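Engineer: First, the structure itself, so that you have it in front of you.
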Amino acid sequence: MDKLPAQASLQPLTQRHLLSYEQTYTCPVCRHGQIQGLVLTDAFACNFCRHIFTANLSDNVLRVEDSSQPLQWRWTGRGWQSVQHDDVNLTLVIWTVGVALVLLPPTLVWMAYHTFPPAAGSALSFFPILWTVLTFLTHLSLVVWLLAEHYQLPLYISNRIRLRTLFSRRDPSRR
Numbered sequence: 003m004d005k006l007p008a009q010a011s012l013q014p015l016t017q018r019h020l021l022s023y024e025q026t027y028t029c030p031v032c033r034h035g036q037i038q039g040l041v042l043t044d045a046f047a048c049n050f051c052r053h054i055f056t057a058n059l060s061d062n063v064l065r066v067e068d069s070s071q072p073l074q075w076r077w078t079g080r081g082w083q084s085v086q087h088d089d090v091n092l093t094l095v096i097w098t099v100g101v102a103l104v105l106l107p108p109t110l111v112w113m114a115y116h117t118f119p120p121a122a123g124s125a126l127s128f129f130p131i132l133w134t135v136l137t138f139l140t141h142l143s144l145v146v147w148l149l150a151e152h153y154q155l156p157l158y159i160s161n162r163i164r165l166r167t168l169f170s171r172r173d174p175s176r177r
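Residue numbers (our numbering): 3 to 177.
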């Protein structure tokens, strides 16, 4: 095996890991665009999702400023690592309300179906089961969308941006 030159091992690792306004980095939100320093400001901006970030250069922490969520990431030299600020009470409330929104409406429809079943042999006897399944799927998609908005999932954000750019190409008045 070849060994690294002696000079390479003497270089301080911290220089590679420091954030700098002169460098370009992958966007931690959309993971598609590049963020770079804005001229005459102490901020970064993404060229794809257009989020604005402020940086704490001494701690290597980047914070998104144009979001309702206090999202922060630490630069490791190779990529971004999320800085978690877990709010257990809020997380518990969000998931409890989400489960209730997914389960309660279909349960009510199902209970009405079993309390007042359709007449045997009627043409639309399948309809209550179909209505229960549609109610479940509709509420599940609503809760998944709300959770994706709350947690700012990168796949969701990048797809939302792609759809926005696709629709802006079709409609020149939206530019």
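We treat Cβ as the ideally placed atom computed from N, Cα and C, and that holds for glycine.
Keep in mind it's a predicted model, so treat the numbers as computed, not measured.
In its own chain, which residues sit with a C-beta less than 7 Å from the C-beta of W133, not counting the 5 before and 5 after it?
Structural biologist: Within the same chain, W133 has close Cβ partners V111.
Engineer: In chain order, what are the residue ranges of uninterrupted alpha helix (DSSP H) at least 4 long that sit wholly in the region 3-83?
Structural biologist: Taking only runs of at least 4 residues, the alpha helix (DSSP H) segments lying wholly in the region 3-83 are 8-12, 16-19.
Engineer: Report the option in Y27, G35, P30, Y23 whose CA atom is closest to the CA atom of A45.
Structural biologist: For the residues Y27, G35, P30, Y23, the minimum Cα distance to A45 belongs to Y23.
Engineer: Tell me whether V85 sits in a helix, a strand or coil according to DSSP, three-state version.
Structural biologist: In this structure, V85 counts as coil in the three-state DSSP scheme.
Engineer: Identify whether P108 lies in helix, strand or coil by the three-state DSSP scheme.
Structural biologist: P108: helix per DSSP, three-state reduction.
Engineer: Spatial neighbours of W82 within its chain, please: CB distance less than 6 Å, with the 5 preceding and 5 following residues excluded, ordered by chain position.
Structural biologist: The residues are P30, W75.
Engineer: Below 8 Å on the Cβ atoms is my contact criterion, and I expect W97 with L21 to pass it. Report the Cβ-Cβ distance as a whole number of Å.
Structural biologist: Actually they do not touch by this definition, with Cβ atoms about 34 Å apart.
Engineer: Three-state secondary structure (DSSP) at G100?
Structural biologist: G100: helix per DSSP, three-state reduction.
Engineer: How do the region 31-43 and the region 110-127 stand: do at least 3 beta-carbon pairs fall below 8 Å, yes or no?
Structural biologist: With a cut-off of 8 Å, the region 110-127 and the region 31-43 do not count as touching, because too few Cβ pairs lie within range.
Engineer: Could you tell me which of N58, F138, V95, F118 sits nearest to V85, measuring between CA atoms?
Structural biologist: Checking every option, the nearest Cα to that of V85 belongs to N58.
Engineer: Determine the DSSP secondary structure at L126, reduced to helix, strand or coil.
Structural biologist: Coil.
Engineer: I'd like the list of long-range same chain contacts for H19, defined as Cβ closer than 8 Å, with 5 residues on each side in sequence excluded.
Structural biologist: If we look at H19 and ignore the five residues flanking it on each side, its Cβ neighbours are N62, W77, T78, G79.
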